[in-house]
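Q: I have a structure here, written as structure tokens, and I will follow up with some questions on it.
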Amino acid sequence: MSVEGTWRLTVSTPIGRIEAVVELRERDGVLTGVAHGTGEEVPLDDITVDGDRLTWRQAVTKPLRLNLAFDVTVDGDALRGVSRAGRLPASKVTGERRPGLEYQA
């Protein structure tokens, strides 16, 4: 299953909801990605697809400096799962693929 595309995510954290846009692209068999949100753009690391499971890591500096690990299940144009930041409680993640959506700052 292809996970390529532009995904609009909502992360429900203890300090409130965070909206983000994640762009995933495959080139020469390698999946790469970038996340846009809270005024910054960060690359995705260690992107892995195993069946319908998608995982990646990213570092953010806003609203706090954190290293995040995402673990989501993709079902067509929807995804749901969790994001973890170290020892903090897991945050619920939901998202939808948005055909033709390009990130606008």
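With the first letter of the sequence shown counted as 1, position 3 gets the number 49 in my numbering; the numbers rise by one all the way through. Using N, Cα and C, we set each Cβ at its ideal position, and we do this for glycine too. Remember, predicted model here, so these are calculated numbers, not experimental data.
Pick out whichever of Leu112, Thr101, Asp121 has its Cα sitting closest to the Cα of arginine 133.
A: Leu112
Q: Considering only residues of the same chain and omitting the five flanking positions on each side of aspartate 91, which have a CB-CB separation below 6 Å?
A: So the list reads Arg103, once near-sequence residues are dropped.
Q: Which residue's Cα is closest to the Cα of proline 60: Arg143, Gly141, Val128?
A: For proline 60, the nearest C-alpha among the options comes from Val128.
Q: Put arginine 111 into one of helix, strand or coil per three-state DSSP.
A: coil
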